[in-house]
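Colleague: Right, I'll just put the structure down here and ask away after.
Chains as they are written, first to last, in my numbering: chain A, 12 to 604; chain B, 22 to 399.
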C-alpha cells in the first residue's frame with residue numbers, strides 16, 4: 012500500500028492523548044486514507060459497469076429494429092383516418108365518419124401572400140388574418156388552412172384559382188345525437204385519434220396499429236362497434252335528469268340504467284355534459300363522467316350492502332330485532348338515526364326507517380375483517396375498469412377500524428364510483444351473481460361466464476323483498492310506478508366541505524329495481540346539492556329529488572325497454588322466502604289497502 | 022513543439038499535464054459543436070430564431086470557456102483551493118439572489134444575470150469537499166465536520182430552486198468522495214441504507230415521487246393522460262437512426278423532440294449519426310472517466326487525489342445520467358451531456374471543472390507534495 016507517512020504521524024500522538032473509550036468512539040469517525048487507492052479503482056470499475064449497461068442498451072436497440080413498431084401506439088397522421096361506426100344496441104348510429112374536404116396550403120408555392128390571405132378570409136370570416144398570414148409566411152411544405160369545409164366554400168376557393176392552395180379528402184367524425192351518451196362515446200380529435208371514452212378504447216383495441224401498418228381502412232370495411240346503449244332510453248333518461256337538475260337547482264346530476272342479468276349499461280348520463288361534435292370544453296373538470304370518474308359517499312344506499320352481508324353471513328334473519336332504543340356511542344362519536352324510533356327494530360324496519368344504528372350493529376356482528384372481505388368481494392375497494400378509459404379509484408380509509416366499519420355500513424367514509432355501487436347492488440338483486448358492467452352488447456350467457464356467485468340466492472331474494480317493501484311503505488314510494496312492481500332505496504349523504512360534514516349541502520342517490528320479483532333493470536339517479544323547494548316542504552333528502560326523478564325515468568323508459576306492466580301484483584313474488592317460512596313477504600303490506 | 026529542456030511556465034505545464042485526457046476533452050468539444058449543428062436548428066426554428074442561432078452562441082461561449090480552462094489548469098493546488106472558495110462564495114450568493122429576485126422559468130428560479138450560478142457551484146463544491154476530507158484525514162474531526170456541513174449548505178438552496186437533478190448529482194458526488202476518503206464500511210452500509218430507506222419512504226408517502234416512479238415503470242397504471250412524449254420520441258430516434266444513422270441533417274424525429282439541443286442531444290446523435298457513433302461517444306466518456314480515475318488512484322497528494330476523483334465523478338455521473346435518461350434506463354431528469362449539450366453556463370462551468378482537474382492531476386515532484394501537505398494546508 013502506498014500510505015502517506017506525514018498524515019499517519021500526526022494522527023497517532025493525537026489519539027494517544029484521549030482516553031480509550033473516547034478514542035474508540037472517535038476512531039469510528041476517522042477516515043482510513045490508505046484505503047482510497049483501492050476505493051478509487053472500485054469507483055472506476057462501477058463507472059465501467061454503468062457505461063457497459065448504456066452501451067448494451069444501444070446495441071440492443073440496434074439489434075432489434077422491429078421493436079419500433081411495437082412502441083408506436085397512436086400516431087397522429089396528418090390526414091384523419093377512418094374509424095368504425097359506433098352503434099347502439101338496436102343498430103342506430105351513435106358515431107360515424109363523413110367524407111369532408113379540407114383546404115391546405117403549400118406556403119413555398121404561394122406567390123402573393125397578402126392576396127391569398129385577403130381572399131381566403133373573405134370566404135372564411137372566422138379565420139384570423141394575422142394567424143393565417145404567419146402560417147402562409149412560414150417555410151413549411153404543408154399547412155392546413157381550414158379543415159372540413161362545405162361544398163359551397165370549396166367551390167368558392169376553387170374559383171379563386173390561388174396557386175399553392177389545394178384540397179384534400181378527409182374523414183370527419185360526426186356524432187348525430189350531440190350530447191346524448193357523450194360521456195360513453197367520448198370523442199375523436201380532428202386527426203381521427205380517439206381522445207376519450209369508447210373512441211379511445213377503439214384505438215387501444217388495435218385500430219391505430221392497423222393504420223400504422225398501412226392498411227387502407229375505410230368506414231365500410233371496418234366492423235362497427237355495437238354498444239350496450241339504447242339511444243331512446245338514453246335520450247329519455249338524460250331529458251328527465253336535466254329537468255330534475257333544473258327543477259331542484261342541483262349543481263350536477265348523473266343517472267344510469269344497468270341490466271342486472273347481463274351487466275350491460277343500457278343508458279347513462281352525467282350532467283353537465285358536452286357535445287362531442289365540438290368538444291372544446293370537454294376537459295373542463297366540471298364535465299367529468301360522474302358515473303365512473305367521480306367517487307362519492309353513497310349514503311344509505313349502501314345499507315342494502317350491509318344488510319345483505321349480515322343476512323348472508325347468517326348473523327341475522329329477517330325476523331331478528333336490533334336495539335335502536337338510543338344512539339350508539341363509540342368513543343367520542345355518537346351515531347344517530349334520522350327517523351329515530353327509540354325501540355327494537357326488525358331487519359325490514361331497519362331498512363325502511365333507514366336506521367343508522369341498526370345497520371351499524373349488523374356490521375359490527377360481522378366484524379371489521381368480514382366487512383372488508385365482503386366489500387372486496389363486491390368490488391367496492393378496487394378501481395372498477397370498464398371499456399371506458401376514464402375511471403377512478405375508490406377512496407378507502409387507510410386505517411380501517413371498528414368505527415369505520417360502523418360508518419361505512421350506512422354509507423359514510425367510503426367513496427366509490429356510482430357505477431361501481433350499481434354493480435354491487437345488481438349482484439344483490441339478480442340472485443347473487445357478480446357481473447362486471449360493460450358498455451358493449453353481450454348476451455346473458457357471455458355475462459355469466461366467469462361471473463362468481465357472491466351471495467346466496469335466498470339473501471338476494473330477501474334484498475329484493477326489502478327494496479319492494481321500501482317502495483310500498485318506506486322512503487322509495489315516489490318511484491313506485493304502478494304496474495312495474497318497483498323496489499328501491501334512497502341515500503342522502505351530507506357533503507364534506509372543508510373537512511366537515513355540511514348541514515345544508517347534500518348528495519342524494521336513489522337505486523330502483525324493476526320488477527322487484529325478478530329484476531331486469533337497475534335504475535340509478537344521483538344529484539349533487541339539490542335544493543329544497545316549497546312543493547317538497549323544503550326537504551332535500553333523496554326521496555324528494557333523486558327518487559322522484561327516478562320515478563319519472565321508470566315511467567318513461569319502461570315502455571321503451573319492453574317491460575310489461577302488471578296491474579295485479581304477482582301472487583307469490585318471493586317464493587324462497589315463503590319456503591323459509593317468512594310468509595309476511597308475500598302478503599300485501601299493512602297500511603296500503 | 023516544446024522542448025523538454027525549456028523551463029518556461031508553458032513548457033512546464035505541457036510536460037506535466039495528462040495530454041491524453043486533454044485530447045479526449047478536445048474531441049468532446051468538437052463532437053459537441055458538430056452535434057449542436059445537427060440538433061439545434063429545428064429547435065431554433067420552432068422558437069422563431071435564426072437557424073444556426075444556438076450553434077453560433079455555443080461557438081461564442083467556447084472562447085471564454087477555453088480561456089477559463091487554460092487559466093484554471095495553470096493553477097497550483099493551493100491556488101485551486103482559493104479559486105474554488107471564491108467561486109463557491111460568489112455562486113452561492115448568486116443562487117440566493119436568484120431565489121429572491123430571479124425570474125421563474127419553467128417553474129424554477131435558477132437564472133440571474135443570464136447565468137445559472139448552480140452550474141459554477143458544482144466544481145467549486147467538489148474542490149472544497151476534497152479539501153475538507155483531505156484535512157479531515159490528517160487532523161481528525163474539524164475537516165470532516167466541515168465536509169458534513171457543506172452538503173446541506175449546498176443542497177438546500179438547490180432544493181429550494183427546485184433543481185432535483187443538480188441536488189442528486191451533488192449528493193452523489195459527496196457520497197462518492199466520502200467513500201473514497203476512507204469511510205468505514207459500517208458508514209457505507211449505514212448511509213446507503215438511510216438513502217434507500219429515504220427513497221422508499223418518499224415512494225410510499227410523497228404522491229409526487231410515486232407518480233414519477235410509476236410513470237417511469239408503467240405509464241398505464243397512473244391513469245389519465247400520461248406524457249411520455251419526449252422519452253418515446255427519443256427512443257424512436259434511436260430506432261430511426263439504426264446502426265449508421267440517417268446522415269447529418271437528415272433527421273426527422275429530431276424536429277418534434279422538444280429539448281433536442283440540450284437534454285436529448287444524445288437521441289439526435291442516434292438518429293443522424295447512428296448507434297455506432299453513440300457507442301463511440303460512450304467510449305470517449307468512459308475513457309475520460311476510467312483513465313482519469315486510474316491515474317488519480319496513484320496520485321500521492323491526498324487533496325489532489327480526492328479533488329481529481331471528485332471532479333471526474335461529477336463529470337461521469339452527469340454523462341451517465343443523461344445517456345441513461347435518453348435510453349429510458351432512468352426516469353427523466355433535467356441533466357445535460359457534458360460538453361455536448363447546448364448551454365453557456367454549463368460549458369463554462371465544465372471548462373472550469375476540467376481546468377481544475379488538469380491542474381490537480383499535474384505531475385509534481387514528490388518533495389513538493391510532502392512539503393505542501395506538511396507546511397501549509399491552505
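Just so you know, even glycine gets a beta-carbon here, dropped at the ideal spot from N, CA and C.
1. By how many angstroms is the C-alpha of residue 474 of chain A removed from the C-alpha of residue 87 of chain A?
2. Express the C-alpha separation of residue 114 of chain A and residue 365 of chain B in angstroms, rounding to a whole number.
3. For residue 540 of chain A, which residues of its own chain have a beta-carbon under 6 Å away from its beta-carbon, when the five flanking residues on both sides are left out?
4. Report back the beta-carbon spacing between residue 391 of chain A and residue 431 of chain A to the nearest angstrom; my notes put them in contact at under 8 Å.
5. Could you give the C-beta distance for residue 183 of chain A and residue 108 of chain A, rounded to a whole number, given that I count them as a contact under 8 Å?
6. Assuming residue 523 of chain A contacts residue 560 of chain A (C-beta within less than 8 Å), just tell me the rounded distance between them.
7. Exposed or buried, residue 214 of chain A, counting other C-beta atoms within 10 Å across all chains shown (16 or more means buried)?
8. Are the CB atoms of residue 414 of chain A and residue 341 of chain A within a distance shorter than 8 Å?
9. Rounded to the nearest angstrom, what separates residue 399 of chain A and residue 276 of chain A at their Cα positions?
10. In chain A, which residues lie with their C-beta within 9 Å of the C-beta of residue 223 of chain B?
11. Applying the criterion that 16 or more other CB atoms from any shown protein chain within 10 Å of the CB defines a buried residue, is residue 84 of chain B buried or exposed?
12. Using a Cβ-Cβ cut-off of less than 9 Å, list which residues of the stretch 44 to 55 of chain A approach chain B; keep chain order.
13. Identify, in the order they occur along the chain, each residue of the same chain with its Cβ nearer than 6 Å to the Cβ of residue 261 of chain B, setting aside the five sequence neighbours on each side.
14. Pick from A/458, A/583, A/372: whose alpha carbon is nearest that of residue 449 of chain A?
15. Could you tell me if residue 76 of chain A is buried or exposed, where buried requires 16 or more neighbouring beta carbons within 10 angstroms of its beta carbon?
16. Quick one: using the 10 Å Cβ neighbour count with 16 as the cut-off for buried, is residue 482 of chain A buried or exposed?
17. So within the stretch 98 to 177 of chain A, which uninterrupted alpha helix (DSSP H) runs reach at least 4 residues, ignoring any that extend past its ends?
18. Buried or exposed for residue 63 of chain B, please, with buried defined as at least 16 other CB atoms from any protein chain shown within 10 angstroms of its CB.
19. Residue 306 of chain B lies in the beta strand (DSSP E); which residues open and close that run?
20. With a floor of 4 residues, list each alpha helix (DSSP H) that falls wholly inside the stretch 320 to 400 of chain A, ordered by position along the chain.
21. Along the stretch 316 to 345 of chain B, where does the CB come closer than 8 Å to a CB of chain A? Name the residues.
22. Here's the rule: buried if 16 or more other CB atoms are within 10 angstroms of the residue's CB, otherwise exposed. What is residue 94 of chain A?
23. With a CB to CB cut of under 7 Å and the five nearest residues on each side skipped, what residues in its chain are close to residue 243 of chain A?
24. What is the C-beta distance between residue 336 of chain A and residue 237 of chain A, in whole angstroms, given that I count them as a contact (C-beta under 8 Å)?
25. Would you list, in sequence order, the uninterrupted alpha helix (DSSP H) runs of no fewer than 4 residues that lie entirely inside the stretch 115 to 189 of chain B?
26. For residue 2 of chain A, which of A/586, A/553, A/296, A/279 has the nearest alpha-carbon?
27. When you check each C-beta in the stretch 506 to 524 of chain A against every C-beta of chain B, which residues fall closer than 7 Å?
28. What is the DSSP secondary structure of residue 251 of chain A, reduced to helix, strand or coil?
29. Listed from N- to C-terminal order along the chain, which residues in the stretch 61 to 73 of chain A have their beta-carbon within a distance smaller than 8 Å of any beta-carbon of chain B?
30. Does residue 263 of chain B come within less than 8 Å of chain A when only Cβ atoms are used?
31. Residues in the same chain with beta-carbon distance under 6 Å from residue 111 of chain A, minus the five sequence neighbours each way, listed in chain order, please.
32. Helix, strand or coil for residue 306 of chain A, going by three-state DSSP, please let me know.
33. Could you compute how far the alpha carbon of residue 244 of chain B sits from the alpha carbon of residue 396 of chain A?
34. Please determine, among A/547, A/245, A/116, A/346, the residue with the shortest C-alpha to C-alpha distance to residue 259 of chain A.
35. For a contact defined as C-beta to C-beta under 7 Å, what are the partners of residue 385 of chain A on chain B?
36. Pull up the distance between the alpha-carbon of residue 189 of chain A and that of residue 209 of chain A, whole angstroms please.
Modeller: This is what the structure holds:
1. Because the pLDDT at residue 87 of chain A is just 34, under 50, the model does not fix this residue reliably, and the value given afterwards should be weighed accordingly. Computed Cα separation, rounded: 51 Å.
2. 43 Å
3. Cβ neighbours of residue 540 of chain A beyond the five flanking positions: 261, 262, 516.
4. 6 Å
5. 7 Å
6. That belief does not hold up - the Cβ atoms of residue 523 of chain A and residue 560 of chain A are roughly 11 Å apart, past 8 Å.
7. buried
8. yes
9. 12 Å
10. Within 9 Å Cβ-Cβ: nothing; residue 223 of chain B doesn't reach chain A, min ~18 Å.
11. It counts as exposed.
12. 44, 45, 46, 47, 48, 49, 50, 51, 52, 53, 54, 55
13. 274, 292
14. A/458
15. Exposed is the call here.
16. Around the beta carbon of residue 482 of chain A, 16 or more other beta carbons sit within 10 angstroms, so the residue counts as buried.
17. Here the runs fully enclosed are 124 to 134, 140 to 148, 162 to 171.
18. buried
19. Per DSSP, residue 306 of chain B belongs to no beta strand (DSSP E); it is in the alpha helix (DSSP H), 286 to 318.
20. 358 to 363, 367 to 377, 379 to 388, all fully within the stretch 320 to 400 of chain A.
21. 317, 318, 319, 321, 323, 326, 327, 330, 334, 337, 341, 344, 345
22. Buried is the call here.
23. 571
24. Not a contact, Cβ separation roughly 56 Å.
25. Whole alpha helix (DSSP H) segments, 4+ residues: 138 to 160, 162 to 181.
26. There is no way to answer for residue 2 of chain A, as the model of chain A reaches only from 12 to 604.
27. none
28. helix
29. Hits within the stretch, in order: 61, 62, 64, 65, 66, 68, 69, 70, 72, 73.
30. yes
31. If the five residues before and after residue 111 of chain A are omitted, its C-beta is found closer than 6 Å to the C-beta atoms of 159, 181, 183, all from its own chain and listed in chain order.
32. Looking at residue 306 of chain A - three-state DSSP - the assignment turns out to be coil, as it is neither helix nor strand.
33. Residue placement at residue 244 of chain B cannot be trusted, given a pLDDT of 41 that sits under 50; what the coordinates show is reported in the next sentence. Whole-angstrom Cα-Cα distance: 11 Å.
34. Relative to the Cα of residue 259 of chain A, the nearest Cα in the group A/547, A/245, A/116, A/346 belongs to A/547.
35. Within chain B, no residue comes near residue 385 of chain A; the closest Cβ sits about 26 Å away, beyond 7 Å.
36. 15 Å
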